[in-house]
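*Asks:* Handing you this structure, nothing more for now.
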Amino acid sequence: MAATRKPLEKYRRIVIKIGSALLVERKSGLKKTWLDAMCADIAALKSKGVEVLVVSSGAIALGRTVLNLPAGVLKLEESQAAAAVGQIALARAWSESLSSDQIIAGQILLTLGDTEERRRYLNARATINQLLKLGSVPIINENDTVATTEIRYGDNDRLAARVATMVGADLLVLLSDIDGLYTAPPHLDPEARFLETIAEITPEIEAMAGGAASELSRGGMRTKIDAGKIATTSGCAMIIASGKPEHPLKAIEAGARSSWFAPSGSPVTARKTWIAGQLLPAGSVTIDAGAEAALRSGKSLLPAGVRQVTGSFSRGDTIAIVGATGREIARGLAGYDADEARQIAGKKSAEIGVILGYAGRAAMVHRDDMVMTAPAGKRTEDARAGEDEGKGKLHA
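Following the numbering used here, the residues of the sequence shown are numbered contiguously, the last one being 537.
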């Protein structure tokens, strides 16, 4: 059944991207009234059980105002200096506004490599997920103080889409100075038609956004369509809406004009299809019958259920999970390097810190990073006996 648009409160996890012009006035600086209203909208969503992340532009714009830098294009070192000053002010502003609703803000600064390199991707995702678990709202921005042209996104639309896929969000909202997608730039073509629903990003839809974006571009409809391709193919819906109203999320809910891009599937399905599709796993772990039964009931794999580790793999690599009969039953992303996995195989989670010298993750492979690749076979006496042995070794 095709996906349909639904109220914001019905989504589980939402990433909201906010453009610089919405947050910062060139001469006067931070638009505090707007920010307070935005935070009230976020608080309203959180009160209904929705997890919210914010990808916030504005550090350079705010920093150049604080530093009183001249108008016009800034040199790289000037931009990075402005970001260094502006990021502190921006984080403080978000923290103060969210605290009015007893919400704690957490700051995450990312570069392109943090969302593209598997190990750094997993580390960033773990931090963000922990913040969400603790009820915080992560405020995310590109790390403009260190990122140069070769290692940066250059716009927060695509960064927001990568963050959405990283955390398995089911909705990405891009707030900017335009209220959605048109068949042509409306300020240039009076015949331009507004598109409320985009079922699929086709070449025709891409053409409506104009030519290819420059590596130096920041924003624009082209980057929003690029973000849509990243998000929707990963199972995340996307909305492009105007952020100009004081309560932009409330305005969307009230029926303000916005464009909705349908997801191609569910975030979990898209992610697990990718994991299952890895042709050559980097290694494997063999587990006991009790552990296999627990995995099939939807639990994560703890070291205690692992009997053998094969191959040379790094944390974040795809590995095969082999049952006691020697048949592959699942694939997943390794929570440890192969050498560390060998050291803790068969051990209780409480022993990990002593063995490795640091408090690692409880799961060898987390259930969110795992997909079953073989159906359950006929249960044997050994498997039934193994279930009792494996109790307490795996957990959600």
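Yeah, the Cβ is synthetic: ideal placement off N, Cα and C, and Gly gets one too.
#1: Quick one: measure Cβ to Cβ for VAL450 and GLY476, integer angstroms, because I've assumed they're closer than 8 Å.
#2: Are the Cβ atoms of VAL304 and ASN270 separated by less than 8 Å?
#3: Give me the Cβ distance between LEU251 and ASN284, rounded to the nearest whole Å; I'm assuming they're in contact under 8 Å.
#4: Whose C-beta lies closer than 6 Å to the C-beta of ILE393 among residues of the same chain, with five residues either side of it excluded?
#5: Name the DSSP beta bridge partners of PHE335, please?
#6: Which same chain residues, not among the five before or five after LYS370, have their C-beta less than 7 Å away from its C-beta?
#7: Tell me whether the segment 150-168 and the segment 238-250 touch, counting them as touching only if at least three CB pairs, one residue from each stretch, are closer than 8 Å.
#8: Using the beta-carbon count (16 or more within 10 Å), is GLU168 buried or exposed?
#9: Look up ALA340 in the DSSP assignment and say whether it is helix, strand or coil.
#10: Within 10 angstroms of the Cβ of ARG363, are there 16 or more other Cβ atoms? Answer buried if so, exposed if not.
#11: Assuming ILE380 contacts ILE366 under a Cβ cut-off of 8 Å, what Cβ separation, rounded to an integer in Å, is found between them?
#12: Report the option in GLU332, ILE280, LEU263 and ALA517 whose CA atom is closest to the CA atom of SER198.
#13: Can you say whether PHE402 is buried or exposed, counting buried as having 16 or more other CB atoms within 10 angstroms of its CB?
#14: With VAL207 as the anchor, note down where its alpha helix (DSSP H) starts and where it stops.
#15: Does DSSP put SER355 in a helix, in a strand, or in coil?
#16: With DSSP run on the structure shown, which of helix, strand or coil describes LYS158?
#17: Since LEU186 is in the alpha helix (DSSP H), which residue starts that stretch and which ends it?
#18: Residues in its own chain within less than 6 Å of ASP330 by CB, not counting five upstream and five downstream?
#19: What distance in whole Å lies between the Cβ atoms of ALA301 and LEU312, which are believed to be in contact at a cut-off of 8 Å?
*Replies:* Working from what's here:
#1: Working through the sequence shown from its first residue, we reach residue 450 at position 309. Working through the sequence shown from its first residue, we reach residue 476 at position 335. The pair is not a contact, with the Cβ atoms about 12 Å apart (cut-off 8 Å).
#2: Position 163 of the sequence shown, counted from the first residue, corresponds to residue 304. Position 129 of the sequence shown, counted from the first residue, corresponds to residue 270. Taking 8 Å as the cut-off, the beta carbon of VAL304 is found no closer than this to the beta carbon of ASN270.
#3: Sequence index remark: in the sequence shown, residue 251 carries index 110 (1-based). Sequence index remark: in the sequence shown, residue 284 carries index 143 (1-based). Confirmed, about 6 Å.
#4: Sequence index remark: in the sequence shown, residue 393 carries index 252 (1-based). Result list for ILE393: ALA382 and SER399, in chain order.
#5: In the sequence shown, the residue the question calls residue 335 occupies position 194. DSSP, once it has assigned bridges, lists TYR323 as partnering PHE335.
#6: Taking the sequence shown and counting its residues from 1, one reaches residue 370 at position 229. Within the same chain, LYS370 has close Cβ partners ILE342.
#7: Here the segment 150-168 does not lie against the segment 238-250, with fewer than 3 beta-carbon pairs under 8 Å apart.
#8: The count along the sequence shown starts at 1 and reaches residue 168 at position 27. Per the sequence presented here, residue 168 reads as Lys, with Glu not at that position. Exposed, since its Cβ has fewer than 16 Cβ neighbours within 10 Å.
#9: Position 199 of the sequence shown, counted from the start, is the residue given in the question as residue 340. It is coil, neither helix nor strand.
#10: Translated into positions along the sequence shown, residue 363 becomes position 222. Within a 10 Å sphere around the beta-carbon of ARG363 sit 16 or more other beta-carbons, which makes this residue buried.
#11: One-based indexing of the sequence shown puts residue 380 at position 239. One-based indexing of the sequence shown puts residue 366 at position 225. The pair is not a contact, with the Cβ atoms about 13 Å apart (cut-off 8 Å).
#12: Locating residue 198 in the sequence shown gives position 57, where the first residue counts as 1. Nearest of GLU332, ILE280, LEU263 and ALA517 to SER198, Cα basis: ILE280.
#13: In the sequence shown, counting from the first residue as 1, residue 402 sits at position 261. The residue is buried, with at least 16 neighbouring Cβ atoms inside 10 Å.
#14: Locating residue 207 in the sequence shown gives position 66, where the first residue counts as 1. Where VAL207 is concerned, the enclosing alpha helix (DSSP H) starts and stops at 200-207.
#15: To locate residue 355, count along the sequence shown from 1; it is residue 214. Confidence at SER355 is low in this model, with a pLDDT of 31, below 50, so its placement is unreliable and no value can be given for it.
#16: In the sequence shown, residue 158 corresponds to position 17, counting from 1. Judged by DSSP in its simplified three-state form, LYS158 adopts strand.
#17: As a position in the sequence shown, residue 186 is number 45, starting the count at 1. Per DSSP, LEU186 belongs to the alpha helix (DSSP H) from 173-188.
#18: Along the sequence shown, read from residue 1 onward, the residue named residue 330 stands at position 189. Within its own chain, no residue has a Cβ closer than 6 Å to the Cβ of ASP330 once the five positions on either side in sequence are excluded.
#19: Taking the sequence shown and counting its residues from 1, one reaches residue 312 at position 171. Taking the sequence shown and counting its residues from 1, one reaches residue 301 at position 160. Contact between LEU312 and ALA301 is ruled out by a C-beta separation of about 11 Å, above the 8 Å threshold.
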